[in-house]
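Read the structure below first, then the notes.
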Amino acid sequence: MGKLKPADPIQIQAAQLALRKAIFDSTGQYMPVTYCVNEDAARFMVRSDAAGLLAAGPLSPDEMVYANGPALWLERPEAKVIQAKIRKHLDTGQAIPRAYLMKSIGLLLACNPATTATIESIAAGSMRVRGAAERLGGIWALSKRQRDFIRTWESESYREKLSRTTSQGSLQGRIAVVTGAGSGLGRGIAIGLARAGAMVAACDLDRPAAEETVSLIRQEMPGAAAAAITCNVTDETSVEQAYQTLLQRWGGLDILVNAAGVAPAYSLVNLPADKFRFALEVNLTGYFLMARAAARILMQQGMGGSIINLSSKSGLDASKNNTPYNATKAGEIHMARGWAMELGEYGIRVNSVCPGNVFEGSKIWNPEYIKVCAKKYGIKPEEVIPYYVNKTILKREIKRQDIADAVVFLCSDQARTITGQTLVADSGQVMVR
Ligand SMILES: NC(=O)c1ccc[n+]([C@@H]2O[C@H](COP(=O)([O-])OP(=O)(O)OC[C@H]3O[C@@H](n4cnc5c(N)ncnc54)[C@H](O)[C@@H]3O)[C@@H](O)[C@H]2O)c1
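Numbers given in the numbering used here equal positions in the sequence shown, counted from 1, plus 37.
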């Protein structure tokens, strides 16, 4: 066999999304779906007896315990058809398979990314053995007695438990994209989503910063799935590539948090036009491009989803020396409302979160910006943080996790009836009427 040619990327993507939806509809589980360029699977897939050979049951304890049996044969990338096949399989008392062989596409795995390599090797090895066994007189799968023995085998159930993920948060298994995840609020939200069990793609223009966020997630949650993706939200091609990278890796999408933002602070009379246009580009065009691409995937996937625009209290209450910020942050809220109206029928909820001032880890609150604020209020730079905290009703400094908690809530099923809304998390500084 020459160099293996993978299937068409658009077909692979459609297969991943359809399988993910079918698993969700038949089990309620959010699962990543990975496509494997695997030679054994490709050779096996073209056999006319492939479906029959896979139906013979598990060959080894590993295939039974780690892969939940041999790969399930699928004819085409249609969620309804796959769901019916999975349902039939589950009705026989078997567990949901982790490997799938789709005609003309190849091997797809639906499992925790930490176990992908193990399951690929078990599934492909099993196909190799099945093909060879056929030539040598037929397949001897494990008997029912052997399978029952393994099921109750203490060491195997312990091994199986270890191979499962430990976190069980409100967003378990959901696939999330966070922009601006290399700093400040984006970073805090990426970490907060991971704490809630989501798989997080940390997108940022600044790649090393996004990688640092991923390593912070991994340090705290060694089993968590997190990936750094370079993305300039103002560039259409870069946005498309970021989603392609995500789909190749995990095969689906559930959550987008738009957080990459800028805040050029000038008085009206001193505001350069290019700074104004720059803010429109990042804060409005960037949010739009990310949401448009997300909505297309979410609609194709058919599992609903959640989009959050991270706006600001400045989107509700204008502040001085903040023309582009006031305009764009108000625009983000209003874009979200319109998107909520357009996407509701697909079960996609769109909401805005308006934080008050969050100083922790923010590059917006750089020394220059603090100086501008100090000047605005006639106070010293070191008095700026206490000054803002004192303006809140709760007299409580807002931390990144406070905003992450608001985002996690809106993305979770607990917020299932909430869309087109604006959640203000500002220790009570601005009241929405
Ligand atoms: N910090 C606050 O007080 C506060 C309050 C309310 C709302 N917000 C909002 O939170 C968001 C983040 O603010 P922050 O204070 O954490 O800012 P920050 O400057 O610390 O982080 C912004 C991140 O966005 C990235 N970024 C900038 N342009 C990008 C682009 N074109 N493509 C991809 N990534 C890009 C930067 O590299 C950076 O990592 C903004 O939307 C801001 O309006 C912040």
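Note that the Cβ used here is the ideal one computed from N, Cα and C, for glycine as well.
Judged by beta-carbon spacing, L290 lies within the 8 angstroms limit of V214, meaning their Cβ atoms are closer than that value. Non-local C-beta neighbours of I416 in its own chain, meaning closer than 8 angstroms and more than five positions away in sequence, comprise Y424, ordered along the chain. The residue from A373, A441, N363 with its alpha-carbon nearest to that of E397 is A441. With distances taken between CA atoms, V421 lies nearest to C410 out of N75, C410, Q438, I292. In this structure I133 touches T64 by the C-beta definition: roughly 6 angstroms separates them, less than 8 angstroms. Around the C-beta of L431, fewer than 16 other C-beta atoms lie within 10 Å, and the residue is accordingly described as exposed.
By the C-beta density criterion, R135 is buried, having at least 16 other C-beta atoms within 10 angstroms. Looking only at A170, V306, A239, the smallest Cα-Cα distance to A279 is reached by A239. One Cα belongs to T456, the other to G219, and the distance between them is close to 27 angstroms. In this chain, the beta strand (DSSP E) harbouring N388 covers 385–392. For N269, same chain residues with a beta-carbon under 7 angstroms away, outside a window of 5 residues either side, are L242, S275 in chain order. Runs of the alpha helix (DSSP H) lying entirely within the stretch 301–388 and spanning at least 4 residues, in chain order: 310–316, 323–338, 360–380. For W190, no alpha helix (DSSP H) segment is defined, and its DSSP state is neither H nor E. Counting the other Cβ atoms within 10 Å of the Cβ of E405 gives fewer than 16, which makes it exposed. F61 places its beta carbon 8 angstroms or farther from that of M236. Taking a cut-off of 8 angstroms on C-beta distances, the stretch 171–178 touches the stretch 90–97, as three or more cross pairs fall below it.
Distance between A296 and Y137, taken at the CA atoms: about 36 angstroms. Residue state for I401 is assigned as coil, using DSSP reduced to three classes. Counting C-beta pairs closer than 8 angstroms gives fewer than three between the stretch 303–312 and the stretch 348–356, which falls short of the contact rule. Under the DSSP assignment, G210 falls outside any alpha helix (DSSP H); it carries neither an H nor an E label. The DSSP assignment places 76–82, 87–91, 98–102, 116–128 as complete runs of the alpha helix (DSSP H) inside the stretch 48–135, in order along the chain (cut-off: 4 residues).
In this chain, the alpha helix (DSSP H) harbouring G223 covers 221–232. For D291, no alpha helix (DSSP H) segment is defined, and its DSSP state is neither H nor E.
Boundaries of the alpha helix (DSSP H) around V251: 244–257.
Setting aside the 5 residues that flank it on each side, A328 is surrounded in the same chain by L293, N295, I344, W376, each with a C-beta closer than 7 angstroms to its C-beta; the list follows chain order.
In terms of CA proximity to M68, A55 leads the group D77, A55, V74, N75. Here DSSP, grouped into helix, strand and coil, assigns M468 to coil.
Comparing C-alpha distances from M372 to each of I334, N320, K412 shows the shortest one belongs to N320. In this structure, ligand 1 has a non-hydrogen atom nearer than 7 angstroms to the beta-carbon of N394. In this structure, A231 lies away from I266, with their beta-carbon atoms at least 8 angstroms apart. In this structure G393 does not touch S348 by the C-beta definition: roughly 12 angstroms separates them, more than the 8 angstroms allowed.
In the DSSP assignment, C448 falls within the alpha helix (DSSP H) that extends over 437–448. Apart from the 5 residues on each side of it in sequence, G206 sits with its Cβ closer than 6 angstroms to the Cβ of A233, G234 in its chain, given in chain order. Residues of the same chain with a CB within less than 8 angstroms of the CB of F325, apart from the 5 flanking positions on each side, are M372 in chain order. Under the DSSP assignment, A264 falls in the beta strand (DSSP E) whose first and last residues are 263–267. Between A88 and W110 the beta-carbon gap is near 4 angstroms, inside 8 angstroms, which marks them as a contact.
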